[in-house]
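Residue numbers (the numbering used here), protein chains in the order written: chain A, -6 to 907; chain B, -6 to 907. Some notes on the structure that comes next.
2 protein chains.
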Amino acid sequence: MAKKYVYFYGFGKENTEGDQTMKAILGGKGANLAEMANADLPVPAGFTVSTEACAYYASHDGKYPDGMLSQLKTQLKKLETKMGKKLGDPKNPLLVSVRSGAAVSMPGMMDTVLNLGLNDKSVLGFIESTGNARTGWDCYRRFIDMFGSVVMGPTTSLEHEDFEQALVELKKKYGAKNDTDLTAEQLKELCDIYKKVYKKKVKKPFPQDPFEQLLASVNAVFGSWNGERAIKYRQINKVTGLLGTAVNVCSMVYGNMGDESGTGVAFTRDGSTGAEAPMGEYLINAQGEDVVAGIRTPKHLDDMPNEKSPIWKKAHKQLHTIMKKLEVHYKYPQDVEFTVEQGTLWMLQTRNAKRTGLAGVRWAVEMATGKDAFTGKTQKKILKPNEALATLTGTDLEQLLFPIFDVAAEKKAEVLAKGLPAGPGAGVGKIVFEASTAEKILKDNPNEKLILVRHETSPEDVGGMWAAQGILTSTGGMTSHAAVVARGWGKCCIAGASDLAINYKARTISAHGKTLKEGDWISLNGSTGIVYVGQLPNEASPVVSGVVGGKKAAQKHPIYQMYKQISDWTDKYRKIAVRTNADSPNDALAARAFGAQGIGLCRTEHMFFEGERIWAVREFILAENLKAREKALAKLLPLQRSDFEGIFKAMDGYGVTIRLIDPPLHEFLPQDKAGQVEMAKRLGTTLSAVTERVKKLHEMNPMLGHRGCRLSITYPELCVMQTRAVIEAACNVAKTGRKVLPEIMVPLIGTKAEFDYCAQVIRTTADAVIKAKKSKVKYLVGTMIEIPRAALTADAVAETAEFFSFGTNDLTQMTFGFSRDDIGSFLPDYLEKKMLPVDPFLTLDVEGVGQLVEMGVKKGRSSRPDLKCGICGEHGGDPASVKFCCKVGLNYVSCSPYRVPIARLAAAQAELGK
Amino acid sequence: MAKKYVYFYGFGKENTEGDQTMKAILGGKGANLAEMANADLPVPAGFTVSTEACAYYASHDGKYPDGMLSQLKTQLKKLETKMGKKLGDPKNPLLVSVRSGAAVSMPGMMDTVLNLGLNDKSVLGFIESTGNARTGWDCYRRFIDMFGSVVMGPTTSLEHEDFEQALVELKKKYGAKNDTDLTAEQLKELCDIYKKVYKKKVKKPFPQDPFEQLLASVNAVFGSWNGERAIKYRQINKVTGLLGTAVNVCSMVYGNMGDESGTGVAFTRDGSTGAEAPMGEYLINAQGEDVVAGIRTPKHLDDMPNEKSPIWKKAHKQLHTIMKKLEVHYKYPQDVEFTVEQGTLWMLQTRNAKRTGLAGVRWAVEMATGKDAFTGKTQKKILKPNEALATLTGTDLEQLLFPIFDVAAEKKAEVLAKGLPAGPGAGVGKIVFEASTAEKILKDNPNEKLILVRHETSPEDVGGMWAAQGILTSTGGMTSHAAVVARGWGKCCIAGASDLAINYKARTISAHGKTLKEGDWISLNGSTGIVYVGQLPNEASPVVSGVVGGKKAAQKHPIYQMYKQISDWTDKYRKIAVRTNADSPNDALAARAFGAQGIGLCRTEHMFFEGERIWAVREFILAENLKAREKALAKLLPLQRSDFEGIFKAMDGYGVTIRLIDPPLHEFLPQDKAGQVEMAKRLGTTLSAVTERVKKLHEMNPMLGHRGCRLSITYPELCVMQTRAVIEAACNVAKTGRKVLPEIMVPLIGTKAEFDYCAQVIRTTADAVIKAKKSKVKYLVGTMIEIPRAALTADAVAETAEFFSFGTNDLTQMTFGFSRDDIGSFLPDYLEKKMLPVDPFLTLDVEGVGQLVEMGVKKGRSSRPDLKCGICGEHGGDPASVKFCCKVGLNYVSCSPYRVPIARLAAAQAELGK
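Structure representation (structure tokens):
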């Protein structure tokens, strides 16, 4: 028996031969049509010629495989029988569309051919059944055009332009301005002209035999698989392993066959709130294009039962039943297209609906608990908790955490500019240009709301950034300083609003002709990147109020309840631990409330900028000998110690990974003249001493310069001071009965020797402190793996290092050779040209950087089987990256406090195989 | 039978129990002493207690292994018998030294104890045999001090300081200013005082039993193996796998026993010229320290036969015979120490001699051909050609290639400053401060000799650098721009002469109080880094004149002849091909003359700086749209094409790898105001347009920024122009009957997608040119592997790339996270603290970067088995790195023209297993 090449679908499960698992053979479109039929949806029936037939055709010089032709005829017969229509029938013709459809959607393939089956005779039957001659002739002339240019075009010189020219001439002849001005008679004349155009170029008359039309179309689809455009597309986009394209032959249905016909679109839920309230629009006696074109105003779905003809009440009910069924079948809210043809409802398409995070969470929780968190209405559970989690994304959860604008108010607000949505949420405040000014204002008036507006921010600005309601920058990307810091705090931020001109001197910002001055109100939507003029109303997230603020009222809010439910579920499934990146007791407490199980990255240098400390740091940098440096460090010691005490208290019982100083020293010095003058004055030295030091610290490529452990090796006394601060704090907090687990981390090592040098300084110092304090505190010494060489030699490093933390930000920079500060000039182009699938600083590059991470874990554990491995940096909060971390066996991921719930979700999904 | 723990050496091969292969057991010193005895040298005999005994002692709480003690006694007895002296003998005592000696030399171990065996009685016998009471008592008091502080010190509170204080008091008592002012009687008194000091701290009298002295010393050596300092040293320096230290007990000989005793040092050859003329110095009635201390002026070896006592004539002859023998035994010129004790010659040490490159080459060629290239004198061949090659280093050969100063004149010259020997050779010329000035001067007067003096050089300076005789910079290291470019040309360069103050404004340079002005003569020795005041006489290398200049007279010079012989030998053994990095026809021709088999790296952007081209490049950079950019590129096309034509002609029959533009665009723009004003004027635009573009191109980390293939992806038209220039040139040259093999190389790729994008632009362009020109030129498209990610994903890249060239300069930067421009601030510290064994930019880091290279080769060949792999960049000319390249199966190494002979030597040595 010949192999099966043609698969029927439609008229219920019993008549359908494929399903959604058969994408490789039926293509994406064919498999989805079959699946809808399996769900007993009224899908316009048809059949799919398989990709295997295409593969045979391509490798056998345009021959069909044995059996395909007879199967095609059999399935066509079945379709005609089921539909009660015949292809080419002069009374009641069956019309079909022919569409390509590979397993992966791609451009460059043959376009759709609609209305196939029309010829000089069947067009009359079509006109009779629609009762509309103009539509009939219009369809026919369009079919001749499409068949001619799309099907015959590639092998002849016939082009759409040839038909277009004839159309223009005819319009001229009749003084018609638009196509729609042509009458039925004139369109009939056009059909004759088109047939002549066809014959002239193709050298054969337009085929009147519908089966000949069909075979020619199938061949054209097959042929387009190896067309130049398709091949190039597959090469560029690395699409490999496909057999070919399938061909879908679908019976056509018409919503423009009178008042008992119509067409529409609908969502199974309210896409904004997730309430069980289907929303949709429809048009009577219209085709799909009419809805899209917006010529007529569609009606709301709820009006449908009130239409004159009783069929609409029935259709409305049927549609609702189908939508309910679809949600159950696809286990996801759906977005459908439908057509009613002479009283019969046909479902043309269904797909997962776009919805807000709130709507997604509400639906998922409702379906898995059987109860709507808002209304309390109960219903049958259709999802298990793991299935509910699988329907959610990190972005959905994230949307629950940030303050939001009043929707109506935002719609009416005046847009000033647009930037990158760098820190989600809603921020409202008065414009302020300097971080220091912001701090001063808030000192006098703590209730003031400010938005810090700068070209870009630097570590010196963190105080003001923290104080402000939101941050707006005109340069920098999603991973600029402002963006990273803001996201870490869960603070609203719009970065790189490049159409915004900031004039520090005039104290104004302007965009698109509008100018605002310092102190004027602006509002930022950090989730969309839009900057509004004025003060929009916003409110805090009940989740944040409930979790971080611990407010009882907020904890009763349905949104909080849903967050709690989701979080509980994630902990049920995930195996990998989730830690946080936190540099202060406040951050640590917030993260712990969000479920963090320790600190994966505490950046000690962030503490260096606070208050008076920067002066001790600068004194250290300016010092000319060891003694002077130690004197400066002695001032820092008690401050750092007290920071660590706060963090250890907050993290009682959990590990705290503290990274030694990392950034190059020049970051701690003022780069501007005024700042340098102030520094000289304050440290009692000359301006030239300061400027010379600044000059000496200047580097061509600071990212690859004198930083990280290289500083601790040049200045071991710095490492000694930091270790003392950590261990003294640990001993002090341990005395209060808390469990303290300090983990000291050496950054930026590339060789085992670097690690060993630092580790020895740390261990010698720490042991002396512990001995002196008669404490029993245990500590670990480990390292960041963020330089390719460290991953390559991880076996040697792990001989002495007790834990690894993959610093994938820097690792990505060095593995790709990308400076994160500079990729703005080419990354957009790279993403557009598909040089990269995604920004590798947002989602870990598994193929390259991931290879080093996996190598680091394997090699490290080859010398130390129980080596604790984690990841810190932006990727720790990215769902796709978290999944990878689970796969390679990391013990934990670490991310900023407000991304902890997202990481927990991703970790659960990774185990669930999503 | 007990295991052997104590090994005898001395009195010829028949009495010696070890050899130089037994370092692990005998330690380095013990093995070398045994080897000298095996060579039948008159070595003062002794025995070595093995490292195995030390290991046992350390792990058994200070017990000796079974049999060791009795072996020690037996060997001591044998030593006494052979020497005809007895330990502690009151008439003719045997005195010994006790020294530690592990397989690897390391500090922190117990120091030497000399004169062991002296006690109150034997000191009198010693005085009797030396006839010098003062020396006898001086030896004794030194021995008490040494034994007390070195042997007993670690376990008691006794310190050298205790003895020193007693000495100071005694000197005060007798009004002696120096130690040497003390008489024999007074020293005898000191011995008594020292014994009291000893007893007070040790609580036991100073041991009079010599065997007790010996065992205590052996124990002290063993104990020092696990002393704190030694352990720390081994940790820091990663010394592992050693058993312990050996203990060498050596009979002492004295050169200060009258007029038939003496001591000296000698070289078996003239270390400067390599002539067979041993050189050395000696002192009669003196000890080794006296020669070193320089209190007496030693005599020349040739005077020895003329001494009064006839024993000296005999000793002189014997020494010469031994030296001849040593060269044969060690197959290398030797540097020896000897002592004559009462007419008997003892060899204390021999080691490979330090010598100049010329001397090394001359010796090697003479020993392998049996003929001295200078004198024509023949002798027996003692080396095979492969052995001769093994004695040479790249530096030896290099020294033959560069101009040299007249030795006598250089000795007398006034030193101005010292910097890094960045480009070897001798450069003499007048000071000039700007590259452009240098070019102008030489245009007017082509015979002028100039030295370009700058803080540092930049690509804009290459014209003037080429024109100058040498380059002197005050900043930058061995891999700074000036250094790399100069070495590439074989031009003399001293970089980073930091004690030199350059004042562009005053037009002066000064150092150490001396100031010179523009136009004054200076002379640079690029091989030593010394800058001289004035015009020293120098001459060109006959090798360069013969090879590059093709001068017949030079080719008859012995130095040329030796170079030729060495080169012929290298080609006999090496398997890997050697290519060159060359950007111009002249470089290509020179390299070919040196034996280059193709071009491994032609940097197209170097051509961009020449003459008028830079203006077209700047026009391109400033252009605001594609059309304007293409217009600028059209001007560059014919210039680039003609460059490539020259190179293809020069390389007829060999492959030429051409790299597309690599550096960031800002490097082509003037960074100073004046240059920007000129640019604006010349390109007919505003200054602000220029400054804005400069500002926009500024990057935080240009090394990781918008450069390499990223430029070709942003501006495909640039890639099109460069491809056209290459392929048009190839077609044109092919028409002249030459064989042209262009290989177009895409730089800085990190993903297959980047390569594929560029490769498609290249192939489309190239095929169109070849078709239009009706040519049959074949070309390859490949890529640099210089980003870690490219190596990690080399299997994917090699699917479409036809060759790989490892750009290990950038690969080292990114694998280590080291910016080559910025490591000056920590690399010296790193090398000193042994964080790195060598500068990884000079010698490839096999452990880390090498791992990526090996991975790249393996993965690449897994998808394309015949993938051609090479290396370009500095490492291609470094012998250790070349060896690695051979090991991992590269097809070729590529280096600058003047390093081609060195790479050929290294390649041969790699095959010979050196």
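Virtual Cβ for every residue (Gly too), placed ideally from N, Cα, C.
- Task: Would you mind working out which of 212/B, 99/B and 582/B sits nearest residue 46/B, comparing C-alpha positions?
- Result: Among 212/B, 99/B and 582/B, the Cα nearest to that of residue 46/B belongs to 212/B.
- Query: Does DSSP classify residue 209/A as helix, strand or coil?
  - Reply: Helix at residue 209/A.
- Task: Following the continuous alpha helix (DSSP H) through residue 25/A, name the residue where it begins and the one where it ends.
- Result: Residue 25/A -> alpha helix (DSSP H) spans 16 to 31.
- Since I believe residue 278/B is in contact with residue 203/B (beta carbons under 8 Å), could you give me their beta-carbon distance rounded to a whole number of angstroms? Between the beta-carbon of residue 203/B and that of residue 278/B there is about 26 Å, and that puts the pair past the 8 Å contact cut.
- Query: Excluding the five sequence neighbours on either side, which residues of its own chain have a C-beta within less than 6 Å of the C-beta of residue 804/A, listed in chain order?
  - Reply: Cβ-Cβ distances below 6 Å link residue 804/A to 779 and 842 in the same chain, with the five nearest sequence neighbours on each side left out; the list follows chain order.
- Task: Flag this pair as yes or no: are the beta carbons of residue 418/B and residue 520/B separated by less than 8 Å?
- Result: Yes, the Cβ-Cβ distance between residue 418/B and residue 520/B is below 8 Å.
- Under 7 Å Cβ to Cβ from residue 866/B, same chain only, skipping five residues before and after it: list those, please. So the qualifying residues of the chain are 800, 801 and 802.
- Would residue 569/B pass as a contact of residue 900/B if the rule is Cβ separation under 8 Å? Contact: yes.
- Item | Assigned secondary structure, residue 693/A (DSSP; H/G/I helix, E/B strand, else coil) | In the structure shown, residue 693/A sits in coil (DSSP, three-state: anything other than H, G, I, E or B).
- Task: Would you identify the three-state DSSP class for residue 36/A, choosing helix, strand or coil?
- Result: Reduced to three states, the DSSP call for residue 36/A is coil.
- Straight-line gap, residue 176/A to residue 95/A (C-alpha atoms, nearest Å): In a straight line, the C-alpha of residue 176/A is about 39 Å away from that of residue 95/A.
- Task: Please decide whether residue 791/A counts as near chain B, where near means a Cβ-Cβ distance under 8 Å.
- Result: For residue 791/A, the answer is no, since every Cβ of chain B falls outside 8 Å of its Cβ.
- Message: Taking 8 Å as the threshold (beta carbon to beta carbon), is residue 467/B in contact with chain A?
- Response: Output row for residue 467/B: interface = no.
- Message: If the criterion is Cβ atoms closer than 8 Å, does the pair residue 38/B and residue 99/B meet it?
- Response: In terms of Cβ geometry, residue 38/B and residue 99/B do not form a close pair [threshold 8 Å].
- Task: Note down the Cα distance separating residue 542/B from residue 24/B, rounded to an integer number of angstroms.
- Result: Between residue 542/B and residue 24/B, the alpha-carbon positions lie close to 50 Å from each other.
- Proximal chain B residues relative to residue 840/A, where beta-carbon distance stays under 7 Å: For residue 840/A, the chain B residues whose Cβ falls inside 7 Å of its Cβ are 786, in order along the chain.
- Alpha carbon to alpha carbon, what distance is there between residue 1/A and residue 549/A? Distance from the CA of residue 549/A to the CA of residue 1/A, rounded to the nearest whole angstrom, comes to 53 Å.
- What do you reckon, are the CB atoms on residue 886/B and residue 571/B nearer than 8 Å? Yes, these two residues count as a Cβ contact at 8 Å.
- Task: Go to residue 118/A, then tell me how far its alpha helix (DSSP H) extends in each direction, as first and last residue.
- Result: From DSSP, the alpha helix (DSSP H) with residue 118/A extends over 115 to 123.
- Query: For residue 748/B, which three-state DSSP category applies?
  - Reply: It is helical.
- Give the range of the beta strand (DSSP E) segment to which residue 809/B is assigned. If you look at residue 809/B, you'll find it isn't in any beta strand (DSSP E); it sits in the alpha helix (DSSP H) that goes 801 to 809.
- Query: Taking only beta-carbon atoms, is residue 129/B less than 8 Å away from chain E?
  - Reply: No chain E appears in the structure shown, which is made up of the protein chains A and B.
- Item | Contact check, residue 733/A vs residue 726/A, beta carbons under 8 Å | Residue 726/A sits close to residue 733/A, with the two beta carbons spaced by under 8 Å.
- Message: By alpha-carbon positions, which one of 361/A, 432/A, 831/A and 611/A ends up nearest to residue 744/B?
- Response: Nearest C-alpha to residue 744/B: 831/A.
- Determine the closest residue to residue 693/B out of 83/A, 856/A and 814/A, with distance taken between C-alpha atoms. The candidate whose alpha carbon is nearest that of residue 693/B is 814/A.
- Would you say residue 692/A faces chain B, with C-beta separation under 8 Å as the test? Yes - at least one Cβ of chain B is within 8 Å of the one on residue 692/A.
- Which class does residue 446/A belong to by DSSP, given the choice of helix, strand or coil? Looking at residue 446/A - three-state DSSP - the assignment turns out to be strand.
- Query: Would a C-beta distance cut-off of 8 Å place residue 721/B and residue 606/B closer than the cut-off?
  - Reply: Taking 8 Å as the Cβ cut-off, residue 721/B and residue 606/B do not qualify as a contacting pair.
- Message: I'd like to know whether the C-beta atoms of residue 829/A and residue 796/A end up nearer to each other than 8 Å.
- Response: No; because the gap between Cβ atoms is not below 8 Å, this pair is not in contact.
- Query: How about residue 814/A: is its C-beta nearer than 8 Å to some C-beta of chain B?
  - Reply: For residue 814/A, the answer is yes, since a Cβ of chain B falls inside 8 Å of its Cβ.
- Task: Would you mind reading off the limits of the alpha helix (DSSP H) that contains residue 603/B?
- Result: Looking at the DSSP string, residue 603/B is not in any alpha helix (DSSP H), and its letter there is neither H nor E.
- Determine the chain A residues that contact residue 653/B at a beta-carbon separation under 7 Å, and present them in chain order. Listed along the chain, the chain A residues whose CB falls inside 7 Å of the CB of residue 653/B amount to none; the nearest CB is some 15 Å away.
- Where does residue 855/B fall in DSSP's three states? Here residue 855/B carries a helix assignment [DSSP, helix/strand/coil].
- Task: Starting from residue 695/A, find everything on chain B with Cβ-Cβ shorter than 9 Å and list it in chain order.
- Result: Near residue 695/A (Cβ distances below 9 Å), the residues of chain B are 693, 694, 812 and 815.
- Item | Segment contact, 8 Å Cβ cut-off, at least three pairs: the segment 337 to 357 of chain A with the segment 857 to 876 of chain A | By the C-beta criterion, the segment 337 to 357 of chain A is judged not to be in contact with the segment 857 to 876 of chain A, since fewer than 3 inter-stretch pairs fall below 8 Å.
- Query: When DSSP labels each residue in this structure, what does residue 53/B get in the three-state scheme?
  - Reply: Coil at residue 53/B, not helix or strand.
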